[in-house]
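Below you'll find the structure, written out as structure tokens, and then a few comments.
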Amino acid sequence: MDPDNKQNESAAVEPGQAAPAEAGHEAAETAHHARHKTVKISTQELEQLKAQAAENWDKFLRSAAEFDNYRKRVAREKEELTRHTSERVMAALLPVLDNLDRALTAAETHTGEQGALLDGLKQIQSQFRRTLEQFGLQEVTAPAGGPFDPNLHEAISHVKSAEHPEGAVLEQVQRGYKLADRLLRPARVVVSKGAAAEQDKPDA
0 MDPDNKQNES AAVEPGQAAP AEAGHEAAET AHHARHKTVK ISTQELEQLK
50 AQAAENWDKF LRSAAEFDNY RKRVAREKEE LTRHTSERVM AALLPVLDNL
100 DRALTAAETH TGEQGALLDG LKQIQSQFRR TLEQFGLQEV TAPAGGPFDP
150 NLHEAISHVK SAEHPEGAVL EQVQRGYKLA DRLLRPARVV VSKGAAAEQD
200 KPDA
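Next up, the structure:
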């Protein structure tokens with residue numbers, strides 16, 4: 000058989016089929032068109048997608064706001080718990096501080112051989128106060144002759160006084176204390192009623 004005929008027979012293609020090179024080219028074009036095919040949507044579908052996107056964004060904003068509110072609420076509750084605990088501890092220590100003050104006042108009237116003990120107690124008192132002040136404890140003062148402040152003072156009695164006007168503090172009976180900006184205990188004081196009225200004076 001003629002070699003040329005064999006070569007022609009091997010290169011022959013059945014009817015309806017594309018040559019291998021042409022088939023590869025068509026496949027490449029098909030893939031290219033598939034990648035760059037433009038998706039066409041209607042105006043109604045576009046509006047629906049926009050509405051869905053807006054709804055999702057609104058949900059996100061609400062979730063973010065709720066989380067922020069939750070975070071702030073937890074922080075407030077933690078702060079309130081810490082403050083409440085501090086107030087309870089300080090309130091429990093105040094009677095101890097009161098007793099130490101009374102002991103020092105009594106010891107000062109009997110110095111003598113107890114001078115060294117008195118000095119030691121004063122140092123303990125000073126250290127105790129400094130420690131409490133580091134945690135925010137502040138003393139509420141009520142100096143004699145100063146005005147009575149119902150927001151900081153508690154009047155345990157009212158006494159007539161020719162030297163001090165009505166409403167002036169005559170004596171501080173017990174110290175008051177604040178913790179940060181909150182009043183733990185008011186200072187207990189004796190308040191002046193002013194000079195005695197004429198009708199209250201005895202007859203000459």
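Per numbering that gives the first Met the number 0: the sequence shown = residues 0 to 203.
Note that CB positions come from ideal geometry on N, CA and C, so glycine has one too.
Fair warning: this is a prediction, and the values are worked out from it, not measured in the lab.
Answer with buried or exposed for Y207, where buried requires no fewer than 16 other C-beta atoms within 10 angstroms of its C-beta. Not covered by the structure: residue 207. The range shown for the chain is 0 to 203.
Runs of 3 residues minimum, wholly inside the stretch 89-167: which ones carry the beta strand (DSSP E) assignment? 136-139, 152-159
Own chain residues within Cβ distance below 7 Å of L136, not counting five before or after: M89, Y176, L178
Please classify A50: does DSSP put it in a helix, a strand, or coil? helix
What does the Cβ neighbour count give for S191, buried or exposed, with the cut at 16 atoms within 10 Å? buried
If you draw a straight line from the C-alpha of V189 to the C-alpha of L182, how long is it? 19 Å
If you reduce the DSSP assignment to three classes, tell me which class A179 lands in. coil
Does R187 come out as helix, strand or coil in the three-state DSSP assignment? strand
What does Q43 pair with, by DSSP beta-bridge criteria? According to DSSP, Q43 bridges with nothing at all.
Checking 9 Å against the spacing of the C-beta atoms, do E132 and R174 come in under that value? no
Would the stretch 153-170 and the stretch 114-124 be scored as touching if the rule is three or more Cβ pairs under 8 Å? no
Who are the Cβ neighbours of L103 in its own chain at under 8 Å, not counting the five residues just before and after it? L117, L120, K121, Q124
Where does F66 land, buried or exposed, given buried means 16+ other C-beta within 10 angstroms? exposed
Nearest neighbour of G166, chosen from D180, D148, T42 [CA to CA]: D148
What do you get for H83, buried or exposed, if any count of 16 or more other CB atoms within 10 angstroms of its CB means buried? exposed
Considering only DSSP beta bridges, list what E170 is partnered with. V189
Inter-residue Cα distance where the pair is I40 and K71: 45 Å
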